[in-house]
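**Q** So the protein lines, in turn, are chains A and B. Okay, so the first sequence: first residue is 885 according to the working numbering, each after it adds one. Okay, so the second sequence: first residue is -1 according to the working numbering, each after it adds one.
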Amino acid sequence: MVAGKTLYEKIWDDHVVASPQGEPTLLYIDLHLIHEVTSPQAFEGLRLNTRGVRRPDLTLATADHNVPTDPLSTPILDPISRRQLDALDENCKEFGITVFPRGHENQGIVHVIGPELGVTQPGMTIVCGDSHTSTHGAFGALAFGIGTSEVEHVLATQTVPQQKAKTMSVTVDGPTPPDVSAKDIVLAIVGKLGTGGGSGYVIEYRGAAIRALSMEGRMTLCNMSIEAGARAGLVAVDETTIDYLRGRPGVARDDEFDVAAKSWRALVSDDDAVFDAEITLNGADLVPYVTWGTNPAQVVALDGVVPSPADTDDADEKNSIERALSYMDLAPGTPLRSIPVDVVFIGSCTNSRIEDLRAAAHVVRDHRVRPGVRALVVPGSHRVKKQAELEGLDQVFLAAGFEWREPGCSMCLGMNPDQLAPGQRCASTSNRNFEGRQGRGGRTHLVSPVVAAATAIMGRLASPEEVGR
Amino acid sequence: MKPVRVIEGRAVPLGRSDVDTDQIIPSEWLKRVERSGFGRGLFSEWRDDTTFVLNQPQYAGATILLAGARFGTGSSREHAVWALMDYGFRAVIAPSFGDIFRNNSSKQGFVTVQLGGDDVEELNQFVKNDPSRLMVVDVERLCVEVPEVGWQRSFTLDPMTQERLLQGWDDIELSLRRVEGIANYEATHATPSLEGVFDDLGHARYA
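(1) Which residue wins for smallest C-alpha separation from L1039 (chain A), given the options A:S957, A:E1111, A:I1110 and A:P940?
(2) Among all the DSSP beta bridges, which residues are the ones paired with T982 (chain A)?
(3) CB-CB under 6 angstroms to S1265 (chain A), same chain, minus the five flanking residues each way: which ones, in chain order?
(4) Which residue comes first and which comes last in the beta strand (DSSP E) that contains S152 (chain B)?
(5) At which residues does the beta strand (DSSP E) containing Y1089 (chain A) begin and terminate?
(6) Using the three-state DSSP reduction, which class does R162 (chain B) fall into: helix, strand or coil?
(7) Applying the criterion that 16 or more other CB atoms from any shown protein chain within 10 Å of the CB defines a buried residue, is V886 (chain A) buried or exposed?
(8) Given that I964 (chain A) touches chain E, what residues does it touch there, using C-beta distances under 8 angstroms?
(9) Could you pull the start and end residues of the alpha helix (DSSP H) that R1327 (chain A) belongs to?
(10) Contact between the region 1290 to 1310 of chain A and the region 1327 to 1342 of chain A is defined here as three or more beta-carbon pairs at a separation below 8 angstroms; is this criterion met?
(11) List the endpoints of the continuous alpha helix (DSSP H) containing H1266 (chain A).
(12) Pick helix, strand or coil for L192 (chain B), following the three-state DSSP scheme.
(13) Using 9 angstroms as the threshold, is the C-beta distance between G1231 (chain A) and C1296 (chain A) below it?
(14) Would you say I918 (chain A) faces chain B, with C-beta separation under 9 angstroms as the test?
(15) Along the chain, where does the alpha helix (DSSP H) that runs through M83 (chain B) open and close?
(16) Where does L932 (chain A) land, buried or exposed, given buried means 16+ other C-beta within 10 angstroms?
(17) Beta carbon of G194 (chain B), beta carbon of H988 (chain A): below 9 angstroms?
(18) If distances are taken between C-alpha atoms only, which option among A:Q905, A:T943 and A:E974 comes closest to E928 (chain A)?
(19) DSSP beta-bridge partners for E143 (chain B)?
(20) Which parts of the region 1299 to 1349 of chain A are runs of the alpha helix (DSSP H), unbroken and 4 residues or longer, counting only runs that do not cross its ends?
(21) Under 9 angstroms, do C1106 (chain A) and S1015 (chain A) count as touching if we go by C-beta distance?
(22) Looking only at its own chain, which residues have a Cβ that is under 7 angstroms from the Cβ of R1130 (chain A), when we skip the five neighbours before and after it?
(23) Can a CB atom of chain A be found closer than 9 angstroms to the CB of N102 (chain B)?
(24) By the 8 angstroms beta-carbon criterion, what residues does the region 1063 to 1084 of chain A contribute toward chain B?
(25) Give me, in chain order, the residues of the same chain whose beta-carbon lies closer than 7 angstroms to that of F122 (chain B); leave out the 5 immediate sequence neighbours on both sides.
(26) Among all the DSSP beta bridges, which residues are the ones paired with K1050 (chain A)?
(27) So, are the CB atoms of F196 (chain B) and P1255 (chain A) less than 9 angstroms apart?
(28) With distances taken from CA atoms, which of A:G1084, A:T922 and A:A1157 is nearest R68 (chain B)?
(29) Alpha carbon to alpha carbon, how far is L155 (chain B) from M(-1) (chain B)? Give it in angstroms, no decimals.
(30) By how many angstroms is the C-alpha of P1006 (chain A) removed from the C-alpha of P190 (chain B)?
(31) Work out the CA separation of P1172 (chain A) and V1054 (chain A) for me, nearest whole Å.
(32) Answer with buried or exposed for V135 (chain B), where buried requires no fewer than 16 other C-beta atoms within 10 angstroms of its C-beta.
(33) Please decide whether V108 (chain B) counts as near chain A, where near means a Cβ-Cβ distance under 9 angstroms.
(34) Sort out for me which residues DSSP pairs D1122 (chain A) with in a bridge.
(35) List, in chain order, every chain A residue whose beta-carbon is nearer than 9 angstroms to that of Q21 (chain B).
(36) Just verifying my parser: in three-state terms, what is the DSSP assignment at H916 (chain A)?
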């Protein structure tokens, strides 16, 4: 008997244009998302070779990486940033691509707007010149990041040559304790796999703890697949997926939606499907986590202490811990909860959706940000911002002393003016704690939205119960 | 891209693992709309340190980078490859790589050689003992050699990547030869178009 198929294999098989002997498979791409940073050289390549965009109607652009989050009336002062944003508008105009420039009602972080507009749909292949494209896997879509040469390739051909990945099942048996968020689940997984453990694999997240997550939570989870080295993460379609999509601008209406939903429900791995690797985590063992070092796998429990090079016999690992301790200016054995911060950043394609802001606002309400701490909330999109303002969340944050800013990638990668100064320490809901990621010399601790909120109030790494939530 | 057959040159030992693409080219460099000029940004946060290996005169002009495990993880920025090449590197040898980085490299004719950790460490020692020692990365025979000491190891590349490097083939040109297959796929699959979703100004028609 032939074994069943994994979800990955189902989507893959449905998108094969050609699979010539000895060559990578040519895979059709259903949705190509682009932004200002990794596309200008691709458009230039098209022009140099007098090629066009094959399917502008399957291509969608937004400004996100580079945009300032100051009030929209403020001009963009950095001429290089402005030039790149202008180039995106001009390229999209020239090639007939829908673009959401700064200030547009649909503008926002590319991995926030795709899902909220309902253009991210189950069973699709989705690419973007950004490694966090894995986010869209939450919808049972095969979504992965590509480089600029591949952006050009997809623009020209609507396909991408791909080697088939191996499959990994990561099961989180539930339920998880109430103070454990999707961010904590994925930090635990990245900590377990290491930054290279998922390399060559597509991860499918399974189990009761995953099924219990909202779509926002599943996006947080799939978003950080790349931090374990996996180009894509997947969650099978269920009623949570379908309920999220119903009524969004990009999906079919009425009866047609029901027809689509019926086909989406088949986007699950077969019971007898075989994965190349399987790992299981017990949801009940999970706790809130925080990174202490300079890669996302350097993670410990918030209740824990900073590790020591003496904890390992591996020379490479020892060296890595020593370098990270030095960069982070931390001593082994320091309790995480005793580490003071200068900045708190709530935002990024990992944690800037409405549910994240609601969770953070719940912790912040009626408290004040610790004097001396700069705390900022950067909603993932204008739609998220508008919804949050309807719910009064902006007022909760502002009353507590947070900055309430315009949408964009912002301090996640420090391409716009929102950056850490050298030596500043930040609790951040983003995805990468690499050296200099949030600004040259800046030090990043990755945390969930509720830990970020509590940290802003306490002025040191803290959990919501410390502020009575 | 230009064909790559054999790279012969001196090497520089980076001696660090987990070097992500943010380290290779920090984000402040990503605002450029050109493909050139990124060499100045290569490892820029480390280059202020006069003891950093790229600042040591004995390694000036090296064309092969010896790196640690998981080189090029993180961001998909192809700028990392452009920066390495613009600086003068033509190949990197490491125990493992980030998948997207490795893929991006192959599109630019930048050779990524995966060798065991012990082998990379041996190469590090060779160049530390004698920075002028020549190293050879042979894409045709799929081997790394240090001729002076008779050291040789083979490595693997998938056959298509090897062929593309040797021939200098352009991926897009190759795929466009299958344009009929692409059109046929489109004729038999109903991919949801964005045309009906947004008007000319990008406003959603519904909701």
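For every residue, glycine included, the Cβ atom is placed at its ideal position computed from N, Cα and C. On a predicted model such as this, the values are computed, not experimentally measured, just so you know.
**A** So, to answer that:
(1) Indexing the first sequence from 1 puts residue 1039 (chain A) at position 155. The option with the nearest alpha carbon to L1039 (chain A) is A:P940.
(2) Numbered from its first residue, the first sequence carries residue 982 (chain A) at position 98. Answer is A:L944, bridged to T982 (chain A).
(3) The residue you call residue 1265 (chain A) lines up with position 381 of the first sequence. These residues qualify, in order along the chain: G992, V996, I997 and P1291.
(4) If you number the second sequence from 1, residue 152 (chain B) lands on position 154. First-last of the beta strand (DSSP E) with S152 (chain B): W149 to S152.
(5) As a first step, residue 1089 (chain A) is located in the first sequence; it is residue number 205 there, counting from the start. Y1085 to R1090 is the span of the beta strand (DSSP E), which, as asked, contains Y1089 (chain A).
(6) Mapped onto the second sequence, residue 162 (chain B) falls at position 164. R162 (chain B): helix per DSSP, three-state reduction.
(7) Here residue 886 (chain A) refers to the residue found at position 2 of the first sequence. So V886 (chain A) counts as exposed.
(8) Looking at the structure shown, chain E is missing, and the protein chains on hand are A and B.
(9) Translated into positions along the first sequence, residue 1327 (chain A) becomes position 443. Per DSSP, R1327 (chain A) belongs to no alpha helix (DSSP H); it is in the beta strand (DSSP E), R1327 to L1330.
(10) yes
(11) Taking the first sequence and counting its residues from 1, the one referred to as residue 1266 (chain A) is at position 382. Segment H1266 to L1274, the alpha helix (DSSP H) holding H1266 (chain A).
(12) The count along the second sequence starts at 1 and reaches residue 192 (chain B) at position 194. It is coil, neither helix nor strand.
(13) As a position in the first sequence, residue 1231 (chain A) is number 347, starting the count at 1. As a position in the first sequence, residue 1296 (chain A) is number 412, starting the count at 1. Yes. Within cutoff.
(14) The sequence position of residue 918 (chain A) within the first sequence is 34, counting from 1. For I918 (chain A), the answer is no, since every Cβ of chain B falls outside 9 angstroms of its Cβ.
(15) The count along the second sequence starts at 1 and reaches residue 83 (chain B) at position 85. Where M83 (chain B) is concerned, the enclosing alpha helix (DSSP H) stretches over H77 to Y85.
(16) Taking the first sequence and counting its residues from 1, the one referred to as residue 932 (chain A) is at position 48. With fewer than 16 Cβ atoms within 10 Å of its Cβ, L932 (chain A) is classed as exposed.
(17) What you label residue 194 (chain B) is simply residue 196 of the second sequence in a count that begins at 1. What you label residue 988 (chain A) is simply residue 104 of the first sequence in a count that begins at 1. Cβ atoms of G194 (chain B) and H988 (chain A): not closer than 9 angstroms.
(18) Residue mapping note: residue 928 (chain A) aligns to position 44 of the first sequence, counting from 1. For the residues A:Q905, A:T943 and A:E974, the minimum Cα distance to E928 (chain A) belongs to A:E974.
(19) Along the second sequence, read from residue 1 onward, the residue named residue 143 (chain B) stands at position 145. DSSP output for E143 (chain B) lists B:V134 and B:Q150 as bridge partner(s).
(20) 1333 to 1342
(21) To locate residue 1106 (chain A), count along the first sequence from 1; it is residue 222. To locate residue 1015 (chain A), count along the first sequence from 1; it is residue 131. No; because the gap between Cβ atoms is not below 9 angstroms, this pair is not in contact.
(22) Residue 1130 (chain A) sits at position 246 when you count from the first residue of the first sequence. Cβ within range, chain order: F1141.
(23) In the second sequence, counting from the first residue as 1, residue 102 (chain B) sits at position 104. Chain A, which has a Cβ nearer than 9 angstroms to the Cβ of N102 (chain B), makes this yes.
(24) T1079, G1080, S1083 and G1084
(25) By 1-based counting over the second sequence, the position of residue 122 (chain B) is 124. Looking at the sequence provided, one finds Asn at residue 122 (chain B) rather than Phe. Once the five neighbours on either side are set aside, the close Cβ partners of N122 (chain B) are P11, G13 and L64.
(26) The residue you call residue 1050 (chain A) lines up with position 166 of the first sequence. K1050 (chain A) is bridged to A:Y1085.
(27) Walking along the second sequence from the start, residue 196 (chain B) turns up at place 198. Walking along the first sequence from the start, residue 1255 (chain A) turns up at place 371. Contact: no.
(28) Position 70 of the second sequence, counting from 1, holds the residue named residue 68 (chain B). Answer by Cα proximity: A:G1084.
(29) In the second sequence, counting from the first residue as 1, residue -1 (chain B) sits at position 1. In the second sequence, counting from the first residue as 1, residue 155 (chain B) sits at position 157. Near 18 angstroms, if we compare the C-alpha coordinates of L155 (chain B) and M(-1) (chain B).
(30) Here residue 190 (chain B) corresponds to residue number 192 of the second sequence, with the count starting at 1. Here residue 1006 (chain A) corresponds to residue number 122 of the first sequence, with the count starting at 1. So the alpha carbons of these two residues sit roughly 11 angstroms apart.
(31) Counted from its first residue, the first sequence places residue 1054 (chain A) at position 170. Counted from its first residue, the first sequence places residue 1172 (chain A) at position 288. Taking the straight line joining both Cα atoms gives about 19 angstroms.
(32) Along the second sequence, one-based indexing puts residue 135 (chain B) at 137. Flag for V135 (chain B) reads buried.
(33) Within the second sequence, the letter at position 110 stands for residue 108 (chain B). This sequence places Phe at residue 108 (chain B); Val is not what is there. F108 (chain B) does not count as touching chain A.
(34) Taking the first residue of the first sequence as position 1, residue 1122 (chain A) is located at position 238. Paired residue(s): none; D1122 (chain A) is not in a bridge.
(35) Numbered from its first residue, the second sequence carries residue 21 (chain B) at position 23. Within 9 angstroms Cβ-Cβ: F1318, E1319 and G1320.
(36) Translated into positions along the first sequence, residue 916 (chain A) becomes position 32. Strand at H916 (chain A).
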